[in-house]
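Following: one structure in structure tokens, then a few remarks.
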Amino acid sequence: MTPVNIPESEPLAGYGPGSRQILIVTGLSGAGKSSILRVLEDLGYEVVDNPPLHLLEALASRSSSRLAIGIDVRSRGFEASRVLEEMDRLKALPGSQVQLLYATAEPEILLRRFTATRRRHPLVTSGTILPGIEQESRLLAPLRAHADFVIDTSDLPAPELRQLIETRFGSGSEDGLTVALMSFAYPSGLPREADMVFDARFLRNPHYDPTLQPMTGLDQAVVQHVKQDPAYPAFFNHVHGLLDLVLPRFVEEGKKYATIAVGCSGGRHRSVTIIEELARLLPETAPVGPMMVLHRELARKGLSSWRWAVPPHNLSPQDKSA
Numbered sequence: 001m002t003p004v005n006i007p008e009s010e011p012l013a014g015y016g017p018g019s020r021q022i023l024i025v026t027g028l029s030g031a032g033k034s035s036i037l038r039v040l041e042d043l044g045y046e047v048v049d050n051p052p053l054h055l056l057e058a059l060a061s062r063s064s065s066r067l068a069i070g071i072d073v074r075s076r077g078f079e080a081s082r083v084l085e086e087m088d089r090l091k092a093l094p095g096s097q098v099q100l101l102y103a104t105a106e107p108e109i110l111l112r113r114f115t116a117t118r119r120r121h122p123l124v125t126s127g128t129i130l131p132g133i134e135q136e137s138r139l140l141a142p143l144r145a146h147a148d149f150v151i152d153t154s155d156l157p158a159p160e161l162r163q164l165i166e167t168r169f170g171s172g173s174e175d176g177l178t179v180a181l182m183s184f185a186y187p188s189g190l191p192r193e194a195d196m197v198f199d200a201r202f203l204r205n206p207h208y209d210p211t212l213q214p215m216t217g218l219d220q221a222v223v224q225h226v227k228q229d230p231a232y233p234a235f236f237n238h239v240h241g242l243l244d245l246v247l248p249r250f251v252e253e254g255k256k257y258a259t260i261a262v263g264c265s266g267g268r269h270r271s272v273t274i275i276e277e278l279a280r281l282l283p284e285t286a287p288v289g290p291m292m293v294l295h296r297e298l299a300r301k302g303l304s305s306w307r308w309a310v311p312p313h314n315l316s317p318q319d320k321s322a
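Right under this line is the structure:
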């Protein structure tokens, strides 16, 4: 990655006003910020990790058309309010488009990653890591609140994270609105990156049928059980219709990424059924680009994996089958 060195020279030739894209990448330690920066570098971004905050404006004014800057609590002079102030200065540069990406993950996932890699948390000198994770989350909270993109990497293996970044910030970003469809369990918490959340807990629960309990919404018997609930057709049609209404407006507003989540009690039956049905029908009715599907609770139990429902145009056939 590019060292922090601000030469006394004019901006690089060929990158005039109107062509500078600046992406600030931040987030919790262990959530994948370094991995994201490596992917961006592979995509042709000039990448600078943890420069002193007071150098951001000078760095951006002399950089290429696509610049990614990594910032976290280790950055010299770090304060969330200062980062936001510096971002305002970057936005004032002629022709600059500045966006903020925030990487996060569940605390227990971060704890597991630090334990597996034996890395030291930047805010912990000794003892347990969890207080450091909580402190860092508080320090970064203002940045998360202002983020243009929030990526929760709890259930995203490295290859899927790479595909997601390539889709959003590579040539696939021209494919239009990228939609992520996610099922989840309410007891495990709301998906932090969700733009819209629908509650399916009022539908008849297959969990209480001994035959259906070990199955999932990927099994046809469960799908039929859920769809036989008298309330299902009206509920699904309203959700589908609302998305048909809202997604085109997202496109008109220039939004590039949307996460739609459906939750139930266990994240295993009802929400999975609805997400699968949306993945089947939305591409036919709404102006979406790439569409990905993640069943969060099934993925955590190894019963399902992240997949493309509508692959981005820039992926190879091998990637599309992932």
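With UniProt numbering as the guide, the letters of the sequence shown map in order to residues 1 to 322.
Glycine included, C-beta positions come from ideal geometry on N, C-alpha and C.
Note that the structure is a prediction, hence the values are computed from the model and not measured.
Note the first and the last residue of the continuous beta strand (DSSP E) segment covering residue i.
{"i": "L110", "result": "Run containing L110: none in the beta strand (DSSP E); it sits in the alpha helix (DSSP H), 107-117."}
So, residue i versus residue j, is the Cβ gap smaller than 8 Å?
{"i": "R300", "j": "S183", "result": "no"}
{"i": "L53", "j": "E136", "result": "no"}
{"i": "S63", "j": "A105", "result": "no"}
{"i": "F198", "j": "A231", "result": "no"}
{"i": "A68", "j": "L40", "result": "yes"}
{"i": "residue 326", "j": "I151", "result": "The structure shown has nothing for residue 326, since the chain only spans 1 to 322."}
{"i": "V179", "j": "A258", "result": "yes"}
{"i": "V272", "j": "T211", "result": "no"}
{"i": "L101", "j": "F149", "result": "yes"}
{"i": "L123", "j": "V73", "result": "yes"}
{"i": "L93", "j": "R204", "result": "no"}
{"i": "L56", "j": "E79", "result": "no"}
{"i": "F114", "j": "G30", "result": "yes"}
{"i": "V222", "j": "P206", "result": "yes"}
{"i": "V98", "j": "G70", "result": "no"}
{"i": "W308", "j": "P290", "result": "yes"}
{"i": "H121", "j": "I109", "result": "no"}
{"i": "S35", "j": "L242", "result": "no"}
{"i": "L298", "j": "H240", "result": "no"}
{"i": "V246", "j": "P283", "result": "no"}
{"i": "P312", "j": "T167", "result": "yes"}
For a test of your reading of the model: does the CB of residue i fall under 7 Å from any non-hydrogen atom of the ligand MG? Yes or no.
{"i": "V222", "result": "For the structure depicted, the ligand MG is absent and the ligand set is empty, with no information on it obtainable."}
Please report the Cβ distance between residue i and residue j, rounded to the nearest whole angstrom; I am assuming they are in contact, meaning their Cβ atoms lie under 8 Å.
{"i": "G176", "j": "V251", "result": "7 Å"}
{"i": "residue 328", "j": "L130", "result": "Since the displayed the chain opens at 1 and closes at 322, residue 328 lies outside it and no answer follows."}
{"i": "D219", "j": "I260", "result": "Not quite, the Cβ-Cβ distance comes to about 22 Å (not below 8 Å), so this is no contact."}
{"i": "D209", "j": "H225", "result": "7 Å"}
{"i": "R76", "j": "E46", "result": "Going by Cβ atoms, the distance from R76 to E46 rounds to 20 Å, so no, they are not a contact pair."}
{"i": "V293", "j": "I275", "result": "6 Å"}
{"i": "L37", "j": "G170", "result": "That belief does not hold up - the Cβ atoms of L37 and G170 are roughly 14 Å apart, past 8 Å."}
Checking the sheet assignment: what are the DSSP bridge partners for residue i?
{"i": "R307", "result": "V293"}
{"i": "Y102", "result": "T26, V150"}
{"i": "S63", "result": "Answer is none; S63 lacks a bridge partner."}
{"i": "E46", "result": "L67"}
{"i": "residue 350", "result": "Lying outside 1 to 322, the shown extent of the chain, residue 350 is not represented and no answer is given."}
{"i": "R201", "result": "The partner list for R201 (beta bridge, DSSP) is empty, contrary to what the question assumes."}
{"i": "Q21", "result": "R66, Q97"}
{"i": "M196", "result": "I260"}
Give the range of the alpha helix (DSSP H) segment to which residue i is assigned.
{"i": "A234", "result": "232-252"}
{"i": "Q224", "result": "220-227"}
{"i": "A158", "result": "158-169"}
{"i": "I260", "result": "First-last for I260: 257-264, but that is the beta strand (DSSP E), not the alpha helix (DSSP H)."}
{"i": "A180", "result": "Looking at the DSSP string, A180 is not in any alpha helix (DSSP H); the run it does join, the beta strand (DSSP E), is 178-185."}
{"i": "V39", "result": "33-42"}
{"i": "D88", "result": "80-91"}
{"i": "R74", "result": "Looking at the DSSP string, R74 is not in any alpha helix (DSSP H), and its letter there is neither H nor E."}
{"i": "E284", "result": "270-285"}
{"i": "N190", "result": "It is worth fixing the name first, because residue 190 is Leu in this sequence and not Asn. Element bounds for L190: n/a, residue is neither H nor E."}
{"i": "Q213", "result": "It is not in any alpha helix (DSSP H) - Q213 carries neither H nor E in the DSSP assignment."}
{"i": "P131", "result": "130-145"}
For residue i and chain D, any beta-carbon pair shorter than 8 Å?
{"i": "I275", "result": "Going by chain labels, chain D is absent from the structure shown, which holds only one protein chain."}
Exercise. So does the stretch 177-193 actually touch the stretch 256-269, counting three or more Cβ pairs closer than 8 Å?
Worked result: yes
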